[in-house]
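>
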Amino acid sequence: TYVVTDACIRCKYTDCVEVCPVDCFYEGETMLVINPSECIDCGVCEPECPAEAILPDTEDGLEKWLELNAKYSAEWPNITSQKEPPADADDHKGEEGKFEKYFS
Ligand code: SF4
Ligand code: F3S
Numbered sequence: 002t003y004v005v006t007d008a009c010i011r012c013k014y015t016d017c018v019e020v021c022p023v024d025c026f027y028e029g030e031t032m033l034v035i036n037p038s039e040c041i042d043c044g045v046c047e048p049e050c051p052a053e054a055i056l057p058d059t060e061d062g063l064e065k066w067l068e069l070n071a072k073y074s075a076e077w078p079n080i081t082s083q084k085e086p087p088a089d090a091d092d093h094k095g096e097e098g099k100f101e102k103y104f105s
């Protein structure tokens, strides 16, 4: 599966949603997540994200994000079309420590 990491927090560009063939993105207040049991591993979302927030879970050190994606995709609503990002999205692109600062 692919997973959304903390780079998405407060950026939420949602380009990813537009290309996913199986509509497996779910939306929280500060970020999106992927449902790992619905993702078909096609990889088309990864290069679409301007914040480089999406990675394959085959990369090292992503266990925390995989768990978070699995947990919240079961709780948050499905999002199937692109929407306006937050007005200050670009200010938070590439910012360090976003999970600790902003995730709720
Ligand atoms: Fe959707 Fe493909 Fe990205 Fe999985 S890898 S979330 S199926 S676009
Ligand atoms: Fe987030 Fe990137 Fe999608 S910022 S909403 S994972 S395009």
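Residue numbers (full-length UniProt numbering): 2 to 105. Where is the CB? At the ideal position from N, CA and C, for every residue including glycine.
1. Return helix, strand or coil for VAL20, following the three-state DSSP convention.
2. With distances taken from each beta carbon to the nearest heavy atom of the ligand SF4, which residues come in below 7 Å, in chain order?
3. Between which residues of its own chain and PRO78 is the CB-CB distance below 8 Å, once the five residues before and five after are set aside?
4. What three-state label does DSSP hand PRO48 in the structure shown?
5. Looking at LYS72 and the ligand F3S, is the gap between the Cβ and the nearest heavy atom below 7 Å?
From the atom records:
1. By one-based count along the sequence shown, residue 20 stands at place 19. VAL20: helix per DSSP, three-state reduction.
2. THR2, TYR3, CYS17, VAL20, CYS21, PRO22, VAL23, CYS25, PHE26, ILE35, CYS40, ILE41, ASP42, CYS43, GLY44, VAL45, CYS46, GLU47 and ILE55
3. As a first step, residue 78 is located in the sequence shown; it is residue number 77 there, counting from the start. Sequence-distant partners of PRO78 (beyond 5 residues in either direction) whose C-beta falls short of 8 Å from its own C-beta, in its chain, are TYR27 and GLU28.
4. As a working note, residue 48 is residue 47 in the sequence shown. Reduced to three states, the DSSP call for PRO48 is helix.
5. To locate residue 72, count along the sequence shown from 1; it is residue 71. Taking the Cβ of LYS72 as the reference point, every heavy atom of the ligand F3S lies at 7 Å or farther away.
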